[in-house]
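**Q** Can you keep this structure in mind? I'll have questions shortly.
Protein chains: 2
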Amino acid sequence: MRAGYLGPKATFTDIAVQNAFPDVERIAYTTIPDCFKAVKNKEVDMAIVPFENALEGSVHLTTDYLFHETNPPIRAEIIVPIQQHLMVHPMQYNKWNEVERILSHPHALAQCHKFLHQQFRGVTLEQMTSTAAAAKYVSEHPESNMAAIANELAAEKYNLQIVKENIHDYDFNHTRFIVLAHNDTEILPSLTSTYEKTTIMVTLPSDRAGSLHQVLSAFAWRKINLSKIESRPLKTGLGHYFFMIDINQTYEDQLVKNAIEEIESLGCQVKILGSYFSYHTQK
Amino acid sequence: MRAGYLGPKATFTDIAVQNAFPDVERIAYTTIPDCFKAVKNKEVDMAIVPFENALEGSVHLTTDYLFHETNPPIRAEIIVPIQQHLMVHPMQYNKWNEVERILSHPHALAQCHKFLHQQFRGVTLEQMTSTAAAAKYVSEHPESNMAAIANELAAEKYNLQIVKENIHDYDFNHTRFIVLAHNDTEILPSLTSTYEKTTIMVTLPSDRAGSLHQVLSAFAWRKINLSKIESRPLKTGLGHYFFMIDINQTYEDQLVKNAIEEIESLGCQVKILGSYFSYHTQK
Numbered sequence: 001m002r003a004g005y006l007g008p009k010a011t012f013t014d015i016a017v018q019n020a021f022p023d024v025e026r027i028a029y030t031t032i033p034d035c036f037k038a039v040k041n042k043e044v045d046m047a048i049v050p051f052e053n054a055l056e057g058s059v060h061l062t063t064d065y066l067f068h069e070t071n072p073p074i075r076a077e078i079i080v081p082i083q084q085h086l087m088v089h090p091m092q093y094n095k096w097n098e099v100e101r102i103l104s105h106p107h108a109l110a111q112c113h114k115f116l117h118q119q120f121r122g123v124t125l126e127q128m129t130s131t132a133a134a135a136k137y138v139s140e141h142p143e144s145n146m147a148a149i150a151n152e153l154a155a156e157k158y159n160l161q162i163v164k165e166n167i168h169d170y171d172f173n174h175t176r177f178i179v180l181a182h183n184d185t186e187i188l189p190s191l192t193s194t195y196e197k198t199t200i201m202v203t204l205p206s207d208r209a210g211s212l213h214q215v216l217s218a219f220a221w222r223k224i225n226l227s228k229i230e231s232r233p234l235k236t237g238l239g240h241y242f243f244m245i246d247i248n249q250t251y252e253d254q255l256v257k258n259a260i261e262e263i264e265s266l267g268c269q270v271k272i273l274g275s276y277f278s279y280h281t282q283k
Numbered sequence: 001m002r003a004g005y006l007g008p009k010a011t012f013t014d015i016a017v018q019n020a021f022p023d024v025e026r027i028a029y030t031t032i033p034d035c036f037k038a039v040k041n042k043e044v045d046m047a048i049v050p051f052e053n054a055l056e057g058s059v060h061l062t063t064d065y066l067f068h069e070t071n072p073p074i075r076a077e078i079i080v081p082i083q084q085h086l087m088v089h090p091m092q093y094n095k096w097n098e099v100e101r102i103l104s105h106p107h108a109l110a111q112c113h114k115f116l117h118q119q120f121r122g123v124t125l126e127q128m129t130s131t132a133a134a135a136k137y138v139s140e141h142p143e144s145n146m147a148a149i150a151n152e153l154a155a156e157k158y159n160l161q162i163v164k165e166n167i168h169d170y171d172f173n174h175t176r177f178i179v180l181a182h183n184d185t186e187i188l189p190s191l192t193s194t195y196e197k198t199t200i201m202v203t204l205p206s207d208r209a210g211s212l213h214q215v216l217s218a219f220a221w222r223k224i225n226l227s228k229i230e231s232r233p234l235k236t237g238l239g240h241y242f243f244m245i246d247i248n249q250t251y252e253d254q255l256v257k258n259a260i261e262e263i264e265s266l267g268c269q270v271k272i273l274g275s276y277f278s279y280h281t282q283k
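Protein chains in written order, with UniProt numbering: chain A, 1 to 283; chain B, 1 to 283.
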């Protein structure tokens, strides 16, 4: 079993894969579209990409790719807590509180804003393409007195020493990752799930006001709970959007099927991205 | 009259200001929060920042700042067509189709993807913080055979020569800019407006399913048309959102007032960002 994920090694996506599928062969890809293509062309059995962060919101590249391209369905989601640590090269261990530069992904730097402001005011912050890339860079420059902000796996992988644990400002920060795989591939996460959900994308008829209200009515009177509704540009001009909706039930429920059928009868286009179980990891 | 805008000079925000307010003194700020702070502290009479692009979607920094901070109201929106041109230093004019590097903002590079793929395949693309910064950099390095992708104003401002006009892939691409100003400041754009709108932000009660449907119902049965609804994370945990809603009417309409009153009675928190006219510029 082979899993393609958004690399490099030791990203938070890598953590999601290792927690959910400890026995698969993991293949790192450079971009989110590369992950989608790899599973579509069956280079890998499944692809794992980030979908939404509690602070930054949806990952638009993932959302837009799901809408505009034909892909295998979403077969699972994995929710991972985002825990950031400050780490240095072992050669710099004694001087860690005098670091001159701190490297990380811009989101990670933002997530540790208060800590950095209090403990490292005035230190140069440098943006890297991922937290793992920052850790790798620090490991390759042992002579420089600098630190990376990254996860525990990156510290292990790149032989860095964690000097301050859990420096992120908010404890509730999580990221949702999705697992895409063809229907004939058996997906067996080594976690237990608490609930099942369905994600659909809806394009409203352009010529009628109040269409979104009609769509929500189809769910509301059936008491089908929606956990998310988000608009994204259709890329055909200002004011044209599609909607991504998360339904807290499986598509197999007759009421969900009927609601979707009726939404289509109203003139909406509906794309079902998948019905899948949601898994939480402890770290 | 002083207008603070997202700089440097010759950004698309600068174009928006020059088109709408040709006679004001323009003051460039480095970041969107700096523009907000400048108008809040009355360093300037109004602030102009980007709010939404037809291809890339909302500018999250602007949306989040409008939600989380107390600001002067939105007093106008300015919609500007996004026209990208390829430009070089006059010293490199004869060799422009052999450029080795092309510099621009990542969104501009993405907006000219097809052109670049067809005419400059293999040429290094370099990301800059704005299209204007790319033009400035090219102007400062006359000896290098490189080009910038930027707007007409940047070519003028930094004395660059446009070698290919309108290289953007889609003609319908526009950006919405908003004008923030205190209520006692008189805003007189030199454009004519076609319509008025109201923008509100709504936080739903956390303990009740179907609340968004109720909110939309309050507008739907009154036949109040909504031109946009978008969710953003509340930054309190996955699955918690607020909603930004654009209403195609002024808040002065009794029906709009009543709808908002009822939404508040349902337990929602409503923040009214402003009722304002929408202005389109030709270029």
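All residues carry an ideal CB built from backbone N, CA and C; glycine is no exception.
1. Where are the alpha helix (DSSP H) runs, 4 residues long or more, that stay fully inside the region 122–169 of chain A, in chain order?
2. I need the straight-line Cα distance from T124 of chain B to K257 of chain A, nearest angstrom please.
3. For the putative contact between L273 of chain A and I224 of chain A, defined by C-beta atoms under 8 Å, what is the C-beta separation to the nearest angstrom?
4. Could you tell me whether the Cβ of S144 of chain B comes closer than 7 Å to any Cβ of chain A?
5. Could you say which of B:T129, B:F36, B:I149 and B:W96 lies nearest to Q83 of chain B if we only look at CA atoms?
6. Might you give, ordered along the chain, the residues of its own chain that have their beta carbon closer than 8 Å to the beta carbon of V49 of chain A, omitting 5 neighbours on each side?
7. For E230 of chain B, write down the residues that DSSP places opposite it in a beta bridge.
8. Go through its chain and collect everything with a Cβ distance to G267 of chain A's Cβ below 6 Å, but skip five positions before and after it.
9. Just confirm the distance between the C-beta atoms of P90 of chain A and Q161 of chain A, as a whole number of angstroms; I'd bet it's less than 8 Å.
10. Whose CA, out of A:R101, A:T198 and A:D253, lies closest to the CA of R222 of chain A?
11. Do you know offhand how far Q127 of chain A's Cα is from E100 of chain A's?
12. With burial defined as no fewer than 16 other Cβ atoms inside 10 Å of the residue's Cβ, what is the status of H113 of chain B: buried or exposed?
13. Let me check one thing: in DSSP terms, what residues is R208 of chain B bridge-paired to?
14. So what does N53 of chain A bridge to, in DSSP terms?
15. Since R176 of chain B meets chain A, which of its residues come closer than 9 Å, beta carbon to beta carbon?
16. Cβ of R121 of chain B less than 7 Å from any chain A Cβ?
17. Roughly how many whole angstroms lie between the Cα atoms of E156 of chain B and T203 of chain B?
18. Along the chain, where does the beta strand (DSSP E) containing Q84 of chain A start, and where does it finish?
19. If you draw a straight line from the C-alpha of T129 of chain B to the C-alpha of F242 of chain A, how long is it?
20. Determine, for R232 of chain B, whether the minimum Cβ-Cβ distance to residues of chain A falls below 7 Å.
21. Step through the CB atoms of chain B and report whether any lies within less than 7 Å of the CB of L266 of chain A.
22. From this set, B:A259, B:L238, B:H182 and B:K197, which residue's C-alpha is nearest P81 of chain A's C-alpha?
23. So with Cβ pairs under 7 Å, would you call F67 of chain A a contact of chain B?
24. Taking a cut of 7 Å between CB atoms, which residues from the region 210–226 of chain A lie near chain B?
25. Report yes if the CB atom of A132 of chain A is closer than 7 Å to the CB atom of A154 of chain A, and no otherwise.
26. Under 8 Å between beta-carbons, which chain A residues line up against E55 of chain B? List them in chain order, please.
27. Expressed to the nearest angstrom, what Euclidean distance is found between the alpha-carbon atoms of residue 313 of chain A and S193 of chain A?
28. Locate the alpha helix (DSSP H) running through S278 of chain A, then write down its first and last residues.
29. Measuring only between beta-carbons, confirm whether F172 of chain B sits less than 7 Å from chain A.
30. Going straight from the alpha carbon of T11 of chain B to that of S104 of chain B, what length do you get?
31. State the Cα-Cα distance for the pair A135 of chain A and G210 of chain B, rounded to the nearest angstrom.
32. What residues are listed by DSSP as bridge partners for K197 of chain A?
33. Given a threshold of 16 other Cβ atoms within 10 Å of its Cβ, counted over all protein chains shown, does G57 of chain A qualify as buried or as exposed?
34. Here's the rule I'm using: 16 or more other beta-carbon atoms within 10 Å means buried, otherwise exposed. How should Q282 of chain B be labelled?
35. Just to confirm the assignment, what range does the alpha helix (DSSP H) spanning A108 of chain A have?
**A** So, from the listed chains and residues:
1. 131–139 and 152–157
2. 49 Å
3. With 8 Å as the limit, L273 of chain A and I224 of chain A do not qualify as a contact, their Cβ atoms being about 17 Å apart.
4. no
5. B:I149
6. Y5, L6, T13, I32, C35, F36, V59, T62, F177, I178 and L180
7. B:M244
8. Excluding its 5 nearest sequence neighbours in each direction, G267 of chain A has C-beta neighbours in its own chain below 6 Å: P205, listed in chain order.
9. 5 Å
10. Measuring from the Cα of R222 of chain A, the nearest candidate turns out to be A:D253.
11. 14 Å
12. exposed
13. None; R208 of chain B has no bridge partner.
14. According to the DSSP secondary-structure assignment, N53 of chain A is paired through a beta bridge with A:G57 and A:T175.
15. L238
16. no
17. 45 Å
18. No beta strand (DSSP E) contains Q84 of chain A, which DSSP labels as neither H nor E.
19. CA-CA distance, T129 of chain B to F242 of chain A, rounds to 29 Å.
20. yes
21. no
22. B:L238
23. Residue-level contact check: F67 of chain A does not touch chain B, since none of the beta carbons of chain B fall below 7 Å from its beta carbon.
24. G210, L212, H213, L216, S217, A220 and N225
25. yes
26. Here residue 55 of chain B is Leu; the residue named in the question, Glu, does not match the sequence. Residues of chain A passing the Cβ test: P233 and K235.
27. Missing from the structure shown is residue 313 of chain A; chain A here goes from 1 to 283 and no further.
28. From DSSP, S278 of chain A is part of no alpha helix (DSSP H) but of the beta strand (DSSP E) over Q269 to H280.
29. yes
30. 12 Å
31. 44 Å
32. Among the bridge pairs identified by DSSP, K197 of chain A is matched with A:Y276.
33. buried
34. In the assembly as shown, Q282 of chain B is an exposed residue. Its beta-carbon has fewer than 16 other beta-carbons within 10 Å.
35. P106 to Q111
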